[in-house]
Amino acid sequence: MRSSEIYKVIEVNKLNKIYDSGEVKVHALRGVSLFIEKGDLVAIMGPSGSGKSTFMNILGCLDKSTSGEYFLDGKNVSNMTKDELADIRNDLIGFVFQGFNLLSRTSALENVQLPLLYSRARAYHSKERDELAKKALDSVGLSGRYNHQPNQLSGGQQQRVAIARALIKNPAMILADEPTGNLDSRTSVEIMNIFQTMNRRNGITVVLVTHSDEIARFADRVIVLRDGKVKEDIRNDNPENAEEMLKQMPLPEDDL
Amino acid sequence: MTVWATMRIALKALYANKLRTVLTMLGIIIGVASVITMVSIGQGVSKSVEANISSLGTNILTITPATIKSGGVHQSGFMVQTLTVDDSYAISTECPMVAYASPMVRRSMQIVYGNQNWNTSVYGVSYNYNLIRNWNVAQGEFFTEQDVKGSSKVCVVGSSVVENLFVNDNPIGQVIRVQKVPFRIVGVLETKGEGMGGDQDDCIMVPYTTALSRISRMKYIQSIVCSAISEDMTNAAINEISSLLRQRHRILDGEEDDFTIRSQMDLAEAMAETTGMLTLFLSAIAFISLLVGGIGIMNIMLVSVTERIREIGIRMALGARGGDVLKQFLFESMTLSLFGGVIGILSGVVLSLLLARFADLNTFISVEAIVISFLFSAGVGVFFGFYPAWQASKLDPIEALRHE
Numbered sequence: 002m003r004s005s006e007i008y009k010v011i012e013v014n015k016l017n018k019i020y021d022s023g024e025v026k027v028h029a030l031r032g033v034s035l036f037i038e039k040g041d042l043v044a045i046m047g048p049s050g051s052g053k054s055t056f057m058n059i060l061g062c063l064d065k066s067t068s069g070e071y072f073l074d075g076k077n078v079s080n081m082t083k084d085e086l087a088d089i090r091n092d093l094i095g096f097v098f099q100g101f102n103l104l105s106r107t108s109a110l111e112n113v114q115l116p117l118l119y120s121r122a123r124a125y126h127s128k129e130r131d132e133l134a135k136k137a138l139d140s141v142g143l144s145g146r147y148n149h150q151p152n153q154l155s156g157g158q159q160q161r162v163a164i165a166r167a168l169i170k171n172p173a174m175i176l177a178d179e180p181t182g183n184l185d186s187r188t189s190v191e192i193m194n195i196f197q198t199m200n201r202r203n204g205i206t207v208v209l210v211t212h213s214d215e216i217a218r219f220a221d222r223v224i225v226l227r228d229g230k231v232k233e234d235i236r237n238d239n240p241e242n243a244e245e246m247l248k249q250m251p252l253p254e255d256d257l
Numbered sequence: 004m005t006v007w008a009t010m011r012i013a014l015k016a017l018y019a020n021k022l023r024t025v026l027t028m029l030g031i032i033i034g035v036a037s038v039i040t041m042v043s044i045g046q047g048v049s050k051s052v053e054a055n056i057s058s059l060g061t062n063i064l065t066i067t068p069a070t071i072k073s074g075g076v077h078q079s080g081f082m083v084q085t086l087t088v089d090d091s092y093a094i095s096t097e098c099p100m101v102a103y104a105s106p107m108v109r110r111s112m113q114i115v116y117g118n119q120n121w122n123t124s125v126y127g128v129s130y131n132y133n134l135i136r137n138w139n140v141a142q143g144e145f146f147t148e149q150d151v152k153g154s155s156k157v158c159v160v161g162s163s164v165v166e167n168l169f170v171n172d173n174p175i176g177q178v179i180r181v182q183k184v185p186f187r188i189v190g191v192l193e194t195k196g197e198g199m200g201g202d203q204d205d206c207i208m209v210p211y212t213t214a215l216s217r218i219s220r221m222k223y224i225q226s227i228v229c230s231a232i233s234e235d236m237t238n239a240a241i242n243e244i245s246s247l248l249r250q251r252h253r254i255l256d257g258e259e260d261d262f263t264i265r266s267q268m269d270l271a272e273a274m275a276e277t278t279g280m281l282t283l284f285l286s287a288i289a290f291i292s293l294l295v296g297g298i299g300i301m302n303i304m305l306v307s308v309t310e311r312i313r314e315i316g317i318r319m320a321l322g323a324r325g326g327d328v329l330k331q332f333l334f335e336s337m338t339l340s341l342f343g344g345v346i347g348i349l350s351g352v353v354l355s356l357l358l359a360r361f362a363d364l365n366t367f368i369s370v371e372a373i374v375i376s377f378l379f380s381a382g383v384g385v386f387f388g389f390y391p392a393w394q395a396s397k398l399d400p401i402e403a404l405r406h407e
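Order-wise, the sequence lines are chains V and U. Add 1 to the 1-based position in the first sequence for the numbering used here, that's all there is to it. Add 3 to the 1-based position in the second sequence for the numbering used here, that's all there is to it.
The following block contains the structure:
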């Protein structure tokens with residue numbers, strides 16, 4: 002379903018990252034260059050020490066490269082200040098973490114609204130925030146859970162709240178760091194189903210960082226890092242379909 | 004991020020740790036309450052001192068002999084006789100800014116009525132002394148010019164003397180003895196209440212002429228009391244009296260006065276300084292406790308930031324700037340201190356009122372103290388909350404997210 006004209010959501014050129022702690026210098030990224038198209042579902046893989054986390058932090062505008070350029074949604078973010086990067090994260094990136102990272106003692110609805118609170122482009126009224134948050138929670142199948150707090154939700158439900166939070170501002174991409182790392186296999190497929198559906202139906206760009214081959218099977222493209230370099234970059238024209246797979250899987254007895 | 008949203012986050016965080024919030028506020032509450040109470044006690048004292056002084060009359064001038072060096076020894080002003088009755092007369096006639104002047108001699112003496120006796124201050128004054136002091140006669144009347152001229156053995160008594168000597172009898176017309184000299188009571192003075200140096204009503208007044216001629220221990224006049232025509236003219240009156248007395252006493256230019264003129268204003272100023280020191284001292288103590296409360300806030304905010312590093316990381320990842328995080332924590336500490344401040348003000352006011360009612364203390368609740376301690380407690384919140392908030396805002400989102 003990719004259109005013929007290519008829009009590069011992410012483009013990095015000769016990205017280098019050196020951690021300098023006095024005597025020891027660690028070269029985490031050594032000249033990574035690649036681009037990711039709009040509407041793609043990409044998995045970034047690699048063993049520990051491959052520079053995968055560093056790459057993800059830079060893609061997520063949480064960290065800056067030592068040298069090289071990074072264009073996100075056409076904006077050069079390589080030389081931005083901390084505050085500008087914070088605004089970029091708010092406007093263009095939706096984060097999904099392995100540990101869900103929801104605020105405790107805070108309802109699903111309020112957790113999902115968080116990015117709207119920090120929006121600088123425009124202010125959202127509380128009514129509008131509630132509406133948008135409800136819509137986002139509905140889209141991940143949590144209609145009846147608006148006022149539940151994280152400790153009242155299962156792991157899969159918490160991750161769905163996190164996805165709703167990532168989606169609420171219509172970001173240029175969703176950046177998911179080991180999104181299924183804390184989940185059982187069926188719930189993992191459910192979460193991947195949500196990502197695939199968002200990606201196929203709404204054309205949202207999804208970048209998954211994972212070390213799991215089973216998760217990478219769902220991606221259209223797999224980028225493998227090793228020793229701070231791109232080792233493999235494979236396009237998978239026939240990715241696994243999570244929805245189909247779910248139908249094959251037996252329902253657990255205590256499901257919902 | 005809007006102020007309202009920031010406030011809601013702060014309130015929520017404080018509500019989540021109710022006990023801790025209350026305990027932290029307690030420091031500020033105690034601090035502010037003690038500022039309010041201490042200042043109101045201090046101000047109460049100075050108000051009552053002020054009231055006492057003005058009850059003496061603010062336009063009153065007292066002229067006493069100056070301390071004089073004779074043979075290298077300083078003599079007490081009361082030991083020397085430089086003031087005369089003629090001086091007093093000259094002042095009242097030649098100084099336009101002086102309304103009345105009266106010589107005065109005063110001694111503490113035993114007085115006797117029937118089988119009762121009482122120790123009181125006996126004043127020898129002129130017939131116009133009640134006008135100088137602006138002191139009305141409640142019963143009977145003040146002795147007259149004729150009484151003074153004729154050295155009549157009449158007296159006017161203060162209400163405390165009446166209470167102590169005349170249990171049931173009407174004092175007017177009764178005879179009391181001062182050093183065996185009988186005096187007929189012609190008037191009773193109005194009650195003036197406590198003044199500087201004790202009960203003002205514990206006195207009897209006799210004509211100075213009678214005092215000087217009949218009472219063996221009253222030999223010469225000790226001072227001249229006069230009143231300026233108005234409070235504003237006090238200084239002008241002082242200048243007139245001074246030049247008149249210098250001339251009368253033949254004091255050459257460059258020589259020191261042999262008399263001292265003191266106004267009630269001087270006394271009032273001296274007392275105001277003393278009570279001001281008292282207020283300052285009390286408020287200093289109170290402010291220290293407020294400071295301790297502030298340190299408590301800082302302590303708790305530092306703990307709070309450390310506990311919530313992960314939350315800060317999440318907020319930053321979702322687009323919170325350092326400034327947003329700073330604001331959030333500053334709001335929390337300010338809410339703590341402001342709420343504490345308001346509760347402290349209320350309890351301070353209540354405490355002051357209770358003290359006034361049950362501890363017989365004069366308290367005066369000043370608006371300034373309330374406003375200042377409110378602003379100060381807000382300042383404490385900002386000042387002591389800033390460092391923890393600043394630390395939170397400087398966190399690295401990656402590190403913060405990884406924090407367990």
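Glycine included, each C-beta is placed from N, C-alpha and C at the ideal position.
Residue 73(V) sits away from residue 113(V), with the two beta carbons spaced by 8 Å or more. Annotation: the continuous alpha helix (DSSP H) that includes residue 92(V) extends over 83-93. According to the DSSP secondary-structure assignment, residue 9(V) is paired through a beta bridge with 38(V). By the rule that beta-carbons nearer than 8 Å mark a contact, residue 151(V) does not touch chain U. Here residue 120(U) is bridged, per DSSP, to 115(U). Secondary structure of residue 44(U) (DSSP, three-state): helix.
The segment 341-361 of chain U and the segment 272-281 of chain U do not touch, with fewer than three beta-carbon pairs separated by less than 8 Å. Within the segment 127-183 of chain V, the runs of alpha helix (DSSP H) at least 4 residues long that lie entirely inside it are, in chain order, 127-140, 156-168. In this structure residue 386(U) is not in contact with residue 293(U), their Cβ atoms being roughly 11 Å apart against a cut-off of 8 Å. Secondary structure note for residue 224(U): it is in no beta strand (DSSP E), with a DSSP letter that is neither H nor E.
Rounded to whole angstroms, the gap between the alpha carbons of residue 79(V) and residue 291(U) is 50 Å. Membership of residue 99(U) in any beta strand (DSSP E) is not indicated, and neither H nor E is assigned to it by DSSP. Put simply, the segment 367-378 of chain U does not touch the segment 59-66 of chain U. Fewer than three CB pairs are less than 8 Å apart. Shown here for residue 223(U): same chain residues with a beta carbon closer than 6 Å to its own, the five before and five after excluded, namely 84 in chain order.
Under a 10 Å Cβ-count criterion, residue 203(U) is classified as buried, with 16 or more other Cβ atoms of the shown protein chains found around its own Cβ. Taking residue 128(U) as the centre and dropping the five residues before and after it, the same chain places the C-beta of 105, 107, 208, 211 closer than 6 Å to its C-beta, in chain order. For residue 206(V), the pairing in a beta bridge is given by DSSP as 174(V). Taking residue 120(U) as reference, the option from 180(U), 402(U), 393(U), 101(U) with the minimal CA-CA separation is 180(U).
Sorting 247(U), 226(U), 168(U), 44(U) by C-alpha distance to the C-alpha of residue 113(U) places 168(U) at the top.
The beta carbon of residue 312(U) sits no closer than 8 Å to any beta carbon of chain V. Using a Cβ-Cβ cut-off of 8 Å, residue 324(U) counts as an interface residue toward chain V, since at least one Cβ of chain V sits closer than that to its own.
By the 16-neighbour rule on beta-carbons within 10 angstroms, residue 309(U) is exposed.
Using beta-carbon distances, residue 172(V) does not count as an interface residue toward chain U, since no partner is under 8 Å. Judged by their CB atoms, residue 126(U) and residue 206(U) are nearer to each other than the 8 Å cut-off. Under the Cβ distance rule, residue 65(V) does not count among the residues neighbouring chain U, no pair being separated by less than 8 Å. Under the 8 Å criterion on CB atoms, residue 90(V) is classed as interfacial with respect to chain U.
By the Cβ neighbour-count rule, residue 177(V) is buried, with 16 or more other Cβ atoms within 10 Å of its own. Following the DSSP letters along the chain, one finds residue 232(V) inside the beta strand (DSSP E) bounded by residues 230-236. For residue 237(V), the nearest beta carbon of chain U is not closer than 8 Å to its own beta carbon. Proximity of residue 320(U) to chain V, defined by a Cβ-Cβ separation below 8 Å, is satisfied. Straight-line spacing of the CA atoms in residue 89(V) and residue 368(U) works out to 54 Å. For the pair residue 140(U) and residue 196(U), the Cα-to-Cα distance works out to about 14 Å. Only buried fits residue 209(V), as 16 or more other CB atoms lie within 10 angstroms of its CB.
Interface residue (Cβ-Cβ distance to chain V less than 8 Å): residue 404(U) is classified as such. Using a Cβ-Cβ cut-off of 8 Å, residue 83(V) counts as an interface residue toward chain U, since at least one Cβ of chain U sits closer than that to its own. Judged by pairs of C-beta atoms under 8 Å, the segment 196-211 of chain V touches the segment 31-45 of chain V, as three or more such pairs exist.
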